[in-house]
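Notes for the one structure printed next.
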Amino acid sequence: MKKQGACKDDPGVKYKHEEEDPDSPSDKNDDTKEKVPTLDALFVKLPADGSTRISLECPDSCWTSQESFCELTKNWKTGIIKLFGLQESSPTLTREERYKEGIMEIIYKIPDPHSHSNNCRGYIWFICKDGDKDGTVEIVTRHAVLQPEILVSGRSSKAGDLRKALRSLATQYPVSCQSGGLDWSFSLGDQGKLVSRVSKMSPTRLHTLRRTAYSMTKSTLVPFAPDPYNDIRFMIGNSILGPERRCRKVSYKEITLKEFGLWCKSSMILQEVTEHGKIKTDMGDLLLDQNSRGKLYFRGTLLSESTKRDPASLTKRKFRYGYNFLYDTFDSDGMHLSLSEEVYQAILAIWDLALEQQPHCVKLLSDMLNDWRWADVELAQKFIKKGTVIRLRNHLFEDKSRWYFSASERQNDKLWYIIQSLGREGAELQDSYWSILESHHMIHTAVSEQYRRFVAADTVSVPNTPFAQEIDKILQACVYACSAAQKIRVVFVQGGSLPLRVLFVEDEDIVRVHEKWLDQSEAAQELGLSEPPPFGDLVHHVSTNLFEKIINSVPFHLFTGDNGRSCNWHKEQQLHLAEQRIIAYVRELLHFQMVWPKREVPGLEGGLTTVEWLNGIHLPMKNTYTHVQLHQTSTCRDLQHALLTRDILPVSPSCINKTCHISVVQTVEAKRCRHYGFENCRQGAEYFAIIYNPSDHLSIPLITPTFTAKA
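Per our numbering, the sequence shown starts with residue 42, numbered consecutively.
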């Protein structure tokens with residue numbers, strides 16, 4: 042920090058009589074507090090080399106030098122765009138630096154887009170001598186004049202921010218401006234108010250300034266000589282070249298090369314942000330450019346930057362992309378985020394608006410959501426907008442070959458098999474990403490998709506094959522016999538490649554069973570049997586397996602009883618009863634599977650229709666009895682679909698002994714009988730027989746195929 046004595050020619054110096062007597066005649070006669078004169082009026086009012094003191098309306102500012110410099114650069118660029126009628130994206134900023142003969146220079150220029158020469162609209166120039174740490178910064182706008190009434194008391198937010206920037210810089214560095222033939226020197230007056238000493242340039246000074254500026258175009262990087270009348274030239278720091286170097290009676294900070302580098306780094310305008318790497322929205326800018334990644338700006342001023350050692354967020358995660366916020370969501374020091382939720386909300390709002398302009402960028406957001414490392418999407422679950430989620434869903438499902446699953450679903454050992462059955466390839470999403478899509482009903486699990494397709498599958502008729510007919514009958518009967526599942530209806534569906542075997546649709550009281558279980562060969566393969574087992578064994582295995590899955594689908598609380606046992610006990614009881622029921626039926630099925638009518642049987646009178654058991658078949662246990670009913674199909678067709686013995690009881694149904702058909706019930710001691718005959722059957726009439734155990738009302742009766750009686 043340097044401290045220098047006062048110089049007489051310094052227009053920015055506050056002289057002793059001015060400091061001690063704020064009500065001096067010059068101040069009393071100054072009517073700027075009531076009305077700020079225009080440039081023409083001020084120029085006429087001031088004599089040659091004369092000056093006046095003007096107070097600038099400015100609240101106390103706590104801006105840093107970096108923030109103040111950023112505001113000046115924004116004001117500079119905005120002014121050039123407006124002055125020359127340029128598109129906001131059209132000014133291309135160029136940077137150049139040079140070290141020559143002990144002088145270090147850095148310059149930023151906005152070239153004239155309509156000129157093929159080196160003409161430019163304005164520049165920002167830093168210069169310092171080797172060994173002299175104190176440098177100078179110039180901000181020049183070509184073909185523009187500083188208007189006193191706007192600078193001093195302009196009501197726009199830009200004018201107010203400009204005054205705040207000047208006030209902050211004036212507390213630390215010499216700050217002056219040349220424009221319209223006037224010298225402006227900014228400092229703090231009484232009670233810390235921002236004031237400016239405005240001096241009218243004499244012809245000699247004008248000549249000296251023009252000559253010096255012209256010579257600098259020959260020896261420095263300055264692209265043109267700023268005119269003290271027709272251009273605006275702000276200067277920060279002591280000039281090291283020409284007559285502008287002034288000594289000061291107060292202490293000021295030095296503008297070192299490092300300090301200027303920090304200023305430039307803090308200004309988004311001076312960073313090499315390509316236009317295709319920036320998406321402007323009403324909430325702020327999304328910065329995709331490599332140089333801006335991890336940086337957070339507030340209205341063009343750098344607030345914080347994510348590095349490996351110092352992430353910009355409070356959560357120790359780095360920001361993947363850069364953001365320039367237009368609304369204040371930060372704390373006073375501007376280095377960390379005080380209201381992190383508001384920041385993340387603003388980030389996601391910027392993304393939502395940015396994707397409306399450039400939908401293809403949704404891939405960048407999707408990749409970031411699927412990577413837990415980035416702070417940008419840390420609170421996406423809470424603040425992401427539905428429109429953004431829709432775009433994410435559309436992006437993911439552009440590839441019809443993929444099925445997305447959450448990381449948690451990996452615990453399902455059947456996951457890949459299920460996905461394969463859906464005709465897709467698996468692709469994993471982070472749980473956090475998945476939950477965002479799921480909460481907006483944009484995605485569901487492979488298991489639920491399997492269920493959805495199974496529910497939507499068309500029902501099929503049971504094939505007229507012995508195996509299919511028996512499986513259907515046994516399942517229907519076992520479900521009907523179970524008190525907890527009596528209302529449930531069993532249907533078979535075209536499940537295709539879906540691995541699902543059984544699905545209970547509770548709101549419809551329907552159990553949907555895959556049609557592959559009606560095919561003898563496919564059923565054996567599903568059970569993992571290398572060779573098809575005997576018919577009866579396979580019927581037993583399949584029906585038992587399917588019924589167990591059906592019972593496991595029924596709500597647990599429905600399994601109750603009066604014996605004080607638990608629901609689980611009653612559930613297990615139903616499984617055991619059903620298995621015993623299936624065993625008994627399959628045993629009868631094997632005994633009676635060769636049933637046919639005969640006209641003559643040795644040992645019996647002629648003219649009978651008989652039912653015959655095959656020799657060599659083990660019959661039911663001793664002292665068990667089998668009842669046989671013979672019904673005419675035309676009158677008792679409904680009995681062909683009886684599921685349980687109770688459906689064909691009482692022992693003497695009303696159809697017996699009617700003239701429309703002949704039906705005889707006979708109790709037979711099983712071990713002594715191989716034939717049973719029915720008399721007086723109508724010639725040419727169609728009949729069927731029912732074989733059952735009358736002592737077990739919940740047993741499954743065996744119903745024979747139909748046959749035609751002969752004379």
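Each residue gets a CB set at the ideal place from its N, CA and C atoms; glycine is no exception.
Beta-bridge pairing of residue i - partner residues as DSSP gives them
i           : result
residue 150 : 135, 164
residue 179 : 166, 276
residue 225 : 218, 239
residue 493 : Paired residues: none, contrary to the question.
residue 346 : 336
residue 365 : 326, 338
residue 140 : 145
residue 468 : 445
residue 744 : 731
residue 359 : 415
residue 749 : 727
Nearest-angstrom beta carbon gap, residue j and residue i [assumed within contact, 8 Å]
i           : j           : result
residue 428 : residue 387 : Not quite, the Cβ-Cβ distance comes to about 16 Å (not below 8 Å), so this is no contact.
residue 732 : residue 672 : About 12 Å; that fails the 8 Å criterion.
residue 359 : residue 415 : 7 Å
residue 545 : residue 584 : About 17 Å; that fails the 8 Å criterion.
residue 575 : residue 565 : With 8 Å as the limit, residue 575 and residue 565 do not qualify as a contact, their Cβ atoms being about 11 Å apart.
residue 148 : residue 166 : 5 Å
residue 272 : residue 182 : 6 Å
residue 422 : residue 320 : Incorrect: roughly 23 Å between the Cβ atoms, too far for contact.
residue 579 : residue 543 : Wrong, their Cβ atoms sit about 18 Å apart, outside the cutoff.
residue 179 : residue 276 : 5 Å
residue 528 : residue 550 : 5 Å
residue 363 : residue 335 : 7 Å
Enclosing beta strand (DSSP E) for residue i [first to last residue]
i           : result
residue 214 : Element bounds for residue 214: n/a, residue is neither H nor E.
residue 730 : 727-733
residue 195 : First-last for residue 195: undefined, no H or E at that position.
residue 95  : 92-96
Exposure label - residue i; buried when at least 16 CB within 10 Å
i           : result
residue 258 : exposed
residue 156 : exposed
residue 482 : exposed
residue 389 : buried
residue 635 : In this predicted model, residue 635 has a pLDDT of only 39, less than 50, meaning its place in the structure is not dependable enough to derive any value.
residue 176 : buried
residue 133 : exposed
residue 606 : exposed
residue 264 : buried
residue 417 : buried
residue 475 : buried
residue 260 : exposed
residue 269 : buried
residue 621 : exposed
residue 485 : exposed
residue 440 : exposed
residue 74  : Its pLDDT being 44, under 50, residue 74 is placed unreliably in this model, and the coordinates cannot settle the point.
residue 572 : exposed
residue 602 : exposed
residue 160 : exposed
residue 600 : buried
residue 570 : exposed
residue 244 : exposed
residue 497 : exposed
residue 139 : exposed
residue 85  : exposed
residue 684 : buried
residue 69  : Bear in mind that a pLDDT of 39 at residue 69, under 50, signals an unreliable position, so the number given afterwards is only what the model happens to contain. Exposed: under 16 other Cβ atoms inside 10 Å.
Limits of the unbroken alpha helix (DSSP H) element including residue i
i           : result
residue 263 : Element bounds for residue 263: n/a, residue is neither H nor E.
residue 125 : 106-125
residue 676 : 674-677
residue 301 : 298-307
residue 562 : 561-567
residue 82  : 80-86
Min CB distance residue i to chain D below 8 Å
i           : result
residue 587 : No chain D is part of this structure, which consists of one protein chain only.
Near the ligand SAM: residue i beta-carbon under 7 Å from a heavy atom
i           : result
residue 257 : You won't find the ligand SAM in this model; it holds no ligand whatsoever.
Restricting to runs no shorter than 4 residues, where is the alpha helix (DSSP H) found entirely within the region 571-601? 576-594
Please give me, in chain order, every unbroken run of the alpha helix (DSSP H) with length at least 4 that falls completely inside the region 382-457. 403-410, 421-424, 427-437
Please give the ranges of any beta strand (DSSP E) in the region 317-342, keeping only runs that are unbroken, at least 3 residues long and fully inside the region. 319-321, 325-328, 336-339
Could you tell me which uninterrupted alpha helix (DSSP H) segments, each at least 4 residues in length, are contained entirely in the region 470-554, listed from first to last along the chain? 472-480, 487-497, 507-522
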